[in-house]
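See below for the structure under consideration.
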Ligand code: HC0
Ligand code: SF4
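In UniProt numbering, the protein residues as written are 1 to 570.
Here it is, written out as C-alpha cells:
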C-alpha cells in the first residue's frame with residue numbers, strides 16, 4: 001500500500017493508483033475536462049493539475065501515480081492560478097457562443113468556467129471556423145473543438161475504427177477526419193459515441209426536428225411515431241429517476257401532448273423481428289450445410305455499416321430480417337395504412353431512437369422499398385425528443401401515465417430487452433425454444449448473455465439442438481470476435497453485435513452525462529421492465545399474432561419476406 005496525504009487527509013491506497021483516483025476515495029473532486037477512465041488519461045487539458053509538496057511545478061493528477069509520503073494540495077492558490085490560466089487559454093481557442101450551442105446547459109467547459117467563477121478571458125480569441133458535411137448524421141464544428149482527444153481515443157480504442165486524428169501542426173493543430181477525408185468517405189459507423197463523449201459542442205448529431213414540426217402542422221399528413229426500447233431508459237435519465245424504476249407511460253403522454261396522431265412502440269416490431277429472425281435461425285439450423293456460419297444479428301445499423309466496410313465478405317451472414325425500426329415503417333405503411341383507409345403517402349412515420357445511425361438506416365435503399373414511399377420518414381434521437389418536449393413546454397415531471405395506441409403498440413418483456421446488449425439473443429432463444437418444442441422455457445433461462453461490452457458465450461440446448469451463441473457490444477469487441485472466428489479459435493451459430501457499449505441503452509443518441517457510461521444502468525431498467533411485463537415471450541404478443549392472422553400469414557411467408565426481410569448489399 002502507498003500512504004499519502006491529500007488536502008490534509010491521510011489515505012492508504014494500492015500501488016498504481018492515480019492521484020485523481022486517490023482523491024476521489026476521499027470524496028475530493030478534482031476538476032477535469034479531457035479525462036475518460038482507461039480511454040483518455042493523457043493530461044491534455046491540464047485542468048486536473050495539483051501541487052505536490054517539494055515539487056516546483058504542478059502535475060496532472062489523472063495520469064500521475066501516488067508515491068509513498070506524498071503531500072498533495074488539490075486547491076491551493078498556485079493550483080487555482082494555473083488551472084484558471086489553462087481554462088482561459090482553452091476558452092480563447094473555443095467558440096463560446098453558448099446560447100446557440102447544442103450543448104448549452106450540458107457542457108463540461110461551461111460548467112468548469114462557472115465552477116471556477118470565470119468572468120473574462122484575458123487572451124486574444126482565435127478559433128478556426130468550419131463544419132463537416134451537415135447532411136451526414138455526425139457533424140463536427142471545428143470552432144468548438146478543444147483538442148481534448150476524447151473522440152480520437154474513443155473511436156480508436158473502443159470502436160477500433162480510427163476515424164479521427166490530429167491534423168495540422170503548431171497553433172493550427174486540431175482534430176479532423178484521418179487522412180483529411182470527408183466524413184462520408186471515412187469508415188465511420190455513425191455510432192455517435194464520439195458525440196456522447198465530446199465534453200463540448202464540437203461533435204453533434206444532425207438535427208431533424210424541423211421535419212417533424214412540418215409534419216405535425218400539415219393537416220393533410222397523419223403522423224405516426226414509434227419509440228425504440230432503450231429510449232424509455234434514456235427518458236428516465238431526463239426525469240432524474242434513480243435506479244431501475246422507470247415510467248414509460250409518462251413518455252407516451254409526453255409524445256401524445258406533442259400532437260402525434262398515433263403513438264406506437266418499436267417493441268411491437270421487436271417481437272415481430274423475433275418471430276422472423278428466430279424462424280430464420282431455425283430454418284438455417286435445419287439446413288446447416290447450405291449456409292455460412294455464424295448467423296449475425298442485423299438490427300444495429302452501426303454494426304451493419306461496420307460489417308460492410310470492414311468484413312464485406314461476411315455480409316451475407318447477417319440475418320435477412322430487417323431491424324424493428326424498418327419493420328415498423330413497412331408494417332405502418334401497408335397493414336396499418338390499409339386498416340385506417342389512407343394512402344401510405346399521407347403517413348409520416350417518425351422514429352424516436354437512442355441511435356444516430358438509425359438516421360442513416362432509414363435512408364438505405366435496400367431496407368426502404370415496400371410501399372413505394374420511404375418506410376420511415378424521419379428519425380429523432382432521444383435528445384431531440386427531449387428537446388422538442390422542452391420547446392413545447394411539456395412538464396415532464398408532472399405527466400400522467402398513458403398507454404401506447406393500438407394496433408402497433410403492444411410489446412412484451414422480450415422486446416424491451418432488445419435495448420440492452422444480449423437482449424436480442426435472449427429474446428430470440430426464448431421464442432426459438434417455443435417454436436421447436438411447443439412449450440415455454442423459463443424466461444430467465446438464457447440470462448448468461450446479459451452483460452456490458454465483454455464477450456458472453458452460451459451453449460443453448462433448444463430441444464436437443466445445441467445453439468452456440470455469443471454476444472458483444474462495441475465494435476472493438478466485435479472485431480476481436482470476428483478475428484477469432486476467422487482464425488478458427490471459436491465456432492458459433494448465432495452472434496449478436498451491438499455497436500454501442502451496453503447496446504442501445506448506451507447509444508449515441510441518448511442523454512449525455514459528460515462521457516459517463518450509463519449503458520449498464522439503463523440496461524438494468526429495461527430488465528426491470530421485462531420482469532414487470534405479464535408477457536415475456538415475443539410469440540405471445542397478441543397484436544403480432546393478429547398481424548400474422550390478418551395480413552402476413554406466418555413467419556417467412558412470401559408477404560413477410562417482401563415486407564420484413566432484405567439482403568444487405570456491400
Ligand atoms: Fe435499438 Fe432496435 S434495440 S437497434 O438497439 O433490434 O436504436 O432501443 O430500436 O430497430 O427494437 C436502437 C434500441 C432499436 C431496432 C429495436 C433492434
Ligand atoms: Fe468513430 Fe462512432 Fe464517432 Fe464514427 S460515430 S467517428 S465510428 S466514434
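Even for Gly, the Cβ is constructed at its ideal location relative to N, Cα and C.
All values derive from a computational prediction rather than experimental measurement.
- Residue ranges of uninterrupted alpha helix (DSSP H) with 4 or more members, entirely inside the UniProt domain "2Fe-2S ferredoxin-type" (1-78) and ordered along the chain, are 19-25.
- In the structure shown, residue 470 falls within a strand segment according to DSSP collapsed to helix, strand and coil.
- Per DSSP, the unbroken beta strand (DSSP E) holding residue 498 starts and ends at 494-498.
- Taking C-beta atoms as the reference points, residue 12 and residue 25 fail to come closer than 7 Å.
- Comparing alpha carbon positions, the residue from 508, 506, 150, 392 closest to residue 258 is 392.
- Residue pairing by DSSP places residue 378 opposite 350 in a beta bridge.
- Our two residues, residue 305 and residue 7, have alpha carbons roughly 50 Å apart in a direct line.
- Distance from the C-beta of residue 219 to the nearest heavy atom of the ligand HC0 is not below 6 Å.
- Membership of residue 223 in any alpha helix (DSSP H) is not indicated; the residue belongs instead to the beta strand (DSSP E) covering 222-227.
- Burial check for residue 131: the Cβ neighbour count within 10 Å stays below 16, so the residue is exposed.
- The count of Cβ pairs closer than 8 Å, one atom from the stretch 197-204 and one from the stretch 213-226, stays below three, leaving the stretches out of contact.
- Between residue 280 and residue 556, the alpha-carbon positions lie close to 7 Å from each other.
- Secondary structure at residue 465: strand, using DSSP grouped into helix, strand and coil.
- DSSP places residue 204 in the uninterrupted beta strand (DSSP E) bounded by 203-205.
- The alpha helix (DSSP H) runs of length 4 or more contained entirely in the stretch 532-566 are, from start to end of the chain, 542-547, 558-564.
- Taking C-alpha positions only, residue 485 is separated from residue 54 by approximately 54 Å.
- Just measuring C-alpha positions, the residue of 32, 70, 35, 250 sitting nearest residue 5 is 70.
- In this structure, residue 228 has its beta carbon less than 6 Å from a heavy atom of the ligand HC0.
- Bounds of the alpha helix (DSSP H) holding residue 424 are 423-437.
- Its Cα nearest to that of residue 540, the residue 443 stands out among 561, 443, 568, 503.
- Under the three-state reduction of DSSP, residue 176 is assigned to strand.
- The stretch 243-268 contains, as complete beta strand (DSSP E) runs of 3+ residues, the segments 262-265 (chain order).
- The beta carbon of residue 413 sits no closer than 6 Å to any heavy atom of the ligand HC0.
- Distance from the CA atom of residue 134 to the CA atom of residue 192, rounded to whole angstroms, is 15 Å.
- Residue state for residue 458 is assigned as strand, using DSSP reduced to three classes.
- A straight-line Cα-Cα distance of about 16 Å links residue 328 and residue 230.
- The beta carbon of residue 191 sits closer than 6 Å to at least one heavy atom of the ligand SF4.
- At least one heavy atom of the ligand SF4 is found less than 6 Å from the C-beta of residue 159.
- For residue 416, the enclosing alpha helix (DSSP H) has its first and last residue at 413-416.
- Under the three-state reduction of DSSP, residue 321 is assigned to strand.
- Distance from residue 404 to residue 537 at the Cβ level is roughly 19 Å; contact not present, criterion being Cβ atoms closer than 8 Å.
- In this structure residue 36 touches residue 515 by the C-beta definition: roughly 5 Å separates them, less than 8 Å.
- With distances taken between CA atoms, residue 161 lies nearest to 188 out of 182, 138, 282, 188.
- Between the alpha carbons of residue 241 and residue 525 lies a gap of roughly 10 Å.
- For the pair residue 125 and residue 115, the Cα-to-Cα distance works out to about 21 Å.
- DSSP, reduced to helix, strand and coil, places residue 212 within a helical segment of the structure shown.
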